[in-house]
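Presented below is the structure to which this report refers.
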Amino acid sequence: MKFAVKALSSGKARAGVVHLGSCPSSIETPCLLLSTRKGLPIFISPDLLSSLPSPDSNLLQFSPLHLEGASSTLVSSGREVSKRCVNIGQEARWGDTTPNFDSSEGPSPKTISSIGGLHQMVGLHEYGFAAVARDSIQCLPECGSTNKTGASFETPCGRRLIKPVEYMEMITSMKPNLWATLADEVPAWANNKRNKTSVDRTVKWLDECIARSPAGGAVFGSIVGGSNIEERKRCAQEVAVRNVSGYWIGGFGLGESMEERPSLLNAVTDNLPKDWPRMICGLGLPEEVLQGVAAGVDLFDSAYIYHLTIGGFALTFPLDRTEKIDYNYQLSDQGSDRTKINLRATVYRKDATPIVEDCCCYTCQNHTKAYINHLLNVHEMLAQILLEIHNTHHYLGFFRSIREAIKEGCFEQFQKKFVQSRREHLAADVVSV
Amino acid sequence: MALRFEVLGRFNRARAAQLTLPHFACQTPLFMPVGTQGTIKGLTTDQLEEIGCQIILGNTYHLALRPTSELIDELGGLHKFMNWPRALLTDSGGFQMVSLLHLADITEKGVTFQNRIGADIIMALDDVVRTTITGPRIEEAMYRTLRWVDRCIAAHKRPHEQNLFGIVQGGLDPVLRDICVRGLVDRNLPGYAIGGLAGGEDKDSFWRVVAQCTAALPEDKPRYVMGVGYPLDIVVCSALGADMYDCVYPTRTARFGTALVPEGVLKLKHNAMVNDTRPIDPTCACMVCKNYTRAYIHCLVTKDAMGSQLLSYHNLYYMLQFPKGDVPEWVCNAMDVAGIDISSCCSS
Numbered sequence: 000m001k002f003a004v005k006a007l008s009s010g011k012a013r014a015g016v017v018h019l020g021s022c023p024s025s026i027e028t029p030c031l032l033l034s035t036r037k038g039l040p041i042f043i044s045p046d047l048l049s050s051l052p053s054p055d056s057n058l059l060q061f062s063p064l065h066l067e068g069a070s071s072t073l074v075s076s077g078r079e080v081s082k083r084c085v086n087i088g089q090e091a092r093w094g095d096t097t098p099n100f101d102s103s104e105g106p107s108p109k110t111i112s113s114i115g116g117l118h119q120m121v122g123l124h125e126y127g128f129a130a131v132a133r134d135s136i137q138c139l140p141e142c143g144s145t146n147k148t149g150a151s152f153e154t155p156c157g158r159r160l161i162k163p164v165e166y167m168e169m170i171t172s173m174k175p176n177l178w179a180t181l182a183d184e185v186p187a188w189a190n191n192k193r194n195k196t197s198v199d200r201t202v203k204w205l206d207e208c209i210a211r212s213p214a215g216g217a218v219f220g221s222i223v224g225g226s227n228i229e230e231r232k233r234c235a236q237e238v239a240v241r242n243v244s245g246y247w248i249g250g251f252g253l254g255e256s257m258e259e260r261p262s263l264l265n266a267v268t269d270n271l272p273k274d275w276p277r278m279i280c281g282l283g284l285p286e287e288v289l290q291g292v293a294a295g296v297d298l299f300d301s302a303y304i305y306h307l308t309i310g311g312f313a314l315t316f317p318l319d320r321t322e323k324i325d326y327n328y329q330l331s332d333q334g335s336d337r338t339k340i341n342l343r344a345t346v347y348r349k350d351a352t353p354i355v356e357d358c359c360c361y362t363c364q365n366h367t368k369a370y371i372n373h374l375l376n377v378h379e380m381l382a383q384i385l386l387e388i389h390n391t392h393h394y395l396g397f398f399r400s401i402r403e404a405i406k407e408g409c410f411e412q413f414q415k416k417f418v419q420s421r422r423e424h425l426a427a428d429v430v431s432v
Numbered sequence: 000m001a002l003r004f005e006v007l008g009r010f011n012r013a014r015a016a017q018l019t020l021p022h023f024a025c026q027t028p029l030f031m032p033v034g035t036q037g038t039i040k041g042l043t044t045d046q047l048e049e050i051g052c053q054i055i056l057g058n059t060y061h062l063a064l065r066p067t068s069e070l071i072d073e074l075g076g077l078h079k080f081m082n083w084p085r086a087l088l089t090d091s092g093g094f095q096m097v098s099l100l101h102l103a104d105i106t107e108k109g110v111t112f113q114n115r116i117g118a119d120i121i122m123a124l125d126d127v128v129r130t131t132i133t134g135p136r137i138e139e140a141m142y143r144t145l146r147w148v149d150r151c152i153a154a155h156k157r158p159h160e161q162n163l164f165g166i167v168q169g170g171l172d173p174v175l176r177d178i179c180v181r182g183l184v185d186r187n188l189p190g191y192a193i194g195g196l197a198g199g200e201d202k203d204s205f206w207r208v209v210a211q212c213t214a215a216l217p218e219d220k221p222r223y224v225m226g227v228g229y230p231l232d233i234v235v236c237s238a239l240g241a242d243m244y245d246c247v248y249p250t251r252t253a254r255f256g257t258a259l260v261p262e263g264v265l266k267l268k269h270n271a272m273v274n275d276t277r278p279i280d281p282t283c284a285c286m287v288c289k290n291y292t293r294a295y296i297h298c299l300v301t302k303d304a305m306g307s308q309l310l311s312y313h314n315l316y317y318m319l320q321f322p323k324g325d326v327p328e329w330v331c332n333a334m335d336v337a338g339i340d341i342s343s344c345c346s347s
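Here the protein sequences line up with chains A and B, keeping their order. First residue of the first sequence? That's 0 in numbering that gives the first Met the number 0, and the numbers climb one at a time after it. First residue of the second sequence? That's 0 in numbering that gives the first Met the number 0, and the numbers climb one at a time after it.
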């Protein structure tokens, strides 16, 4: 992996370029990692992925925990007891030894290795994968159950404790382009003692992970520290002296407020070398992404698109930076706040226009709001597929405007204007109701 | 009449033909996936075109309910609504509507809904009876079907844009089937369907009805066996001279984690698949078989939407590609023994 900063704006925001071995082209930063489940997007099938702008859309987020049960031993003729996760609806049962039971566990690390790793397994050879244990959609850190032996996560298969050894076994078999070390993330309200422990533990696990690091694949050192400025600084300084290729900033999006976040972010980035990339998880909304960019973060993993998509929402906020703020905007009673529309709203039943006029995504080029409204009403999967395509396309466009603003040296104004225009619309909504 | 049917090749009773419909020129024999509510579950129209889908079947009852046939009409018809450039076929909606509307209204309403939806082929309302039933009910249903066809013809407002197919009923009784065929042929419809099968009758009775009907129906018009089905059934019916088929089976079974393969079916949910690094079907050229292992699909099926999508894609690819000639050798051998000639469907 190669990374270089190409431009700076307002001090810290940086535009850069990252090059990964598997991707034919370099990817510009700040950039968005597309969310995946088991390596493929949640709804967009692999043959439709290529309809998204490239190379922007070539970086995918991945959590090894999605392939649940991967490190368990197999049952042979029911005699061996194995720790295996059997999914029945949303419940989990451990220790089932029925030989021919229908299960949905992931292939073992050995199998994944024999297939050739993650890229081969999901058939996305020209894409880059960033592996992080935490995934803001499905694998949520459960700090109460985390202990000195491993990090605990709430997953669809129940609570799962991952030890550094197990984590590295998965990473080694999957061969992602870059991966974050195992971290102990705590929410913003954790007490100081717990928070301090999480920093010590995270650094210790970082060293353990690096010791088992496979050849190839860039290590991103994990940095935590909760909502304590001192701890954030301490952790960043510790990790900064380790032999890593980049930094993964954890513990955000776990309860800290918008107001306290910038200083926490800066406490981290101020103590990191400028030449290595910084990746973050948990900053989903556009305003939160902007905070991350302002603090000098380069790679973003966001659950925003997923939540919009399953809610039936489509992004519509203007991407054109030259568009004037419309002060005469009338609030209609449609399901819209001018940043997104709710396609379940009855007002779209007969709307034969695309979600966004001039949007060149597959959805807007081929389908109407009326059709998507119908699909949502009859609970058809195609609705989510079309929405994920549009929302991803649109959000990638947002990241493109961020990069343009940085390159033009006016990121701070861009951020102010963006946040302001959204506040104004909300204020206008309040007044007219 | 809004279609042209031209037989291009024959072998005994089997025929390969071009069926030119208002929206698309199709090659028969063909399989029609079922897109009940204006979509094939989990697949885009682009993907359907790519895997060779020529006609999609829509369900009038469901569409009349949501989003309503009036809305579809107002937005320019179902083709435009779902952005499907090729052909569509809608059923009469009768079977589901029976429980809701007065019997006298259904006949004409069904055609009216179908006129609004705008499919290339629309089905006349028939009185469907399960083949497992015996007694006078079957005869009653057959004569009623003939009477209803006349009412459908009268109610049909767009005969130059939409083709009204009649449906042959009569259970497993050759005498009744014969009366029905002759009655429908007299009405000179653009095409004919063989209905009332694929419901639980034994296979030996099933093929005999198909054989009888295809022998009696006109040579120069398409023949559609409704609700069929399993790949083997399609092969047999094609040998006997049928041209069109529909079934929910490939897509429905995909959502339960079952893939269609030359040897039969493959249950991807099964434990044995956990570490199986082979593709679903090594002889299949679809995107799924070219890129994914059984092990990977196993961890997706029934848990993630993507699993349904990938399996539906493969299963439809299998159904849409095979009637053109990729008949596995073992099927040819079996048909040989059964005394049914399918060499026209086998790759040369």
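Using N, Cα and C, we set each Cβ at its ideal position, and we do this for glycine too. It should be emphasised that the depicted structure is a prediction, and the values quoted were computed from it without experimental measurement.
When DSSP reads this structure, Ile166 (chain B) sits in a beta bridge with B:Ala192. Taking the Cα positions, Arg176 (chain B) is about 5 angstroms away from Gly169 (chain B).
Inter-residue distance for Asn290 (chain B) and Asp185 (chain B) is about 52 angstroms (C-alpha atoms, whole angstroms).
Note that the C-beta distance between Ala63 (chain B) and Phe112 (chain B) is below 8 angstroms. None of the residues of the region 192-206 of chain B has a beta carbon lying less than 9 angstroms from any beta carbon of chain A. Tyr305 (chain A) and Leu284 (chain A) do not touch by the CB rule: their CB atoms are close to 13 angstroms apart, not below 8 angstroms. CA-to-CA, the gap between Tyr347 (chain A) and Ile371 (chain A) works out to about 9 angstroms. Excluding sequence positions up to five before and after Gly109 (chain B), its CB lies within less than 6 angstroms of the CB of Ser91, Gly92, Gly93 and Leu124, all in the same chain and listed in chain order. Beta bridge pairing from DSSP links Ile279 (chain A) with A:Ile248 and A:Phe299. A distance below 6 angstroms between beta-carbons, with the five flanking residues on each side excluded, links Leu264 (chain A) to the following residues of its chain, in chain order: Ala294. In the DSSP assignment, Lys5 (chain A) falls within the unbroken beta strand (DSSP E) covering Lys1 to Ser8. In this structure, DSSP gives His392 (chain A) a helical state, which the three-state scheme calls helix.
In the structure shown, Arg211 (chain A) falls within a coil segment according to DSSP collapsed to helix, strand and coil. If you draw a straight line from the Cα of Ala182 (chain A) to the Cα of Lys192 (chain A), it is about 16 angstroms long.
Here Gly134 (chain B) is exposed. Its C-beta has fewer than 16 other C-beta atoms within 10 Å. About 6 angstroms separates the beta carbons of Lys339 (chain A) and Thr315 (chain A), which is inside the 8 angstroms limit, making them a contact pair. Between the C-alpha atoms of Gln53 (chain B) and Met243 (chain B) there is a straight-line separation of about 11 angstroms.
By the CB criterion at 8 angstroms, Thr213 (chain B) and Leu239 (chain B) fall inside the cutoff.
Against chain A, the CB of Ala86 (chain B) has no partner CB under 8 angstroms away; the residue lies outside that interface. Within the region 63-74 of chain B, Arg65, Pro66, Leu70, Glu73 and Leu74 place their CB atoms closer than 7 angstroms to a CB of chain A, listed in sequence order.
Beta-bridge partners assigned by DSSP to Gly127 (chain A): A:Leu58. Taking the beta carbon of Cys298 (chain B) as reference, the chain A residues within 7 angstroms of it are Lys37, Leu66, Ser103, Glu104, Gly105 and Pro106, listed in sequence order. Residues of the region 265-292 of chain B whose Cβ lies closer than 7 angstroms to any Cβ of chain A, in chain order: Lys268, His269, Asn270, Val273, Asn274, Thr276, Met286, Asn290, Tyr291 and Thr292. Out of A:Ala266, A:Ser8, A:Ser400 and A:Gly220, the CA that lies nearest to the CA of Ala239 (chain A) is found in A:Gly220. Assignment of Ser311 (chain B) by DSSP, reduced to helix, strand and coil, places it in the helix class. Remark: C-beta atoms of Ile41 (chain A) and Ser34 (chain A) approach each other more closely than 8 angstroms.
By the criterion of at least three beta-carbon pairs nearer than 8 angstroms, the region 241-257 of chain A is in contact with the region 220-230 of chain A. Between Gly396 (chain A) and Leu318 (chain A), the C-beta spacing is below 8 angstroms.
For a cut-off of 8 angstroms, the C-beta gap from Leu77 (chain B) to Gly51 (chain B) is around 20 angstroms, too long to register as a contact.
Counting the other Cβ atoms within 10 Å of the Cβ of Met81 (chain B) gives 16 or more, which makes it buried. Cβ-Cβ distances below 6 angstroms link Asp134 (chain A) to Ser62 in the same chain, with the five nearest sequence neighbours on each side left out; the list follows chain order.
Of B:Asp45, B:Asn187 and B:Leu196, the smallest CA-CA separation from Ile132 (chain B) is found for B:Leu196.
Residues of the same chain with a CB within less than 8 angstroms of the CB of Ser8 (chain A), apart from the 5 flanking positions on each side, are Ala14, Ala404, Ile405, Lys406, Glu407, Gly408, Cys409, Phe410 and Glu411 in chain order. Scanning the region 98-182 of chain A from its first residue to its last, the whole alpha helix (DSSP H) runs of 4-plus residues come out as 108-114, 117-121 and 163-173.
In terms of beta-carbon proximity, Gln60 (chain A) stays away from the interface with chain B, with every pair separated by 8 angstroms or more. Phe255 (chain B) counts as exposed, since fewer than 16 other C-beta atoms from the protein chains shown sit within 10 angstroms of its C-beta.
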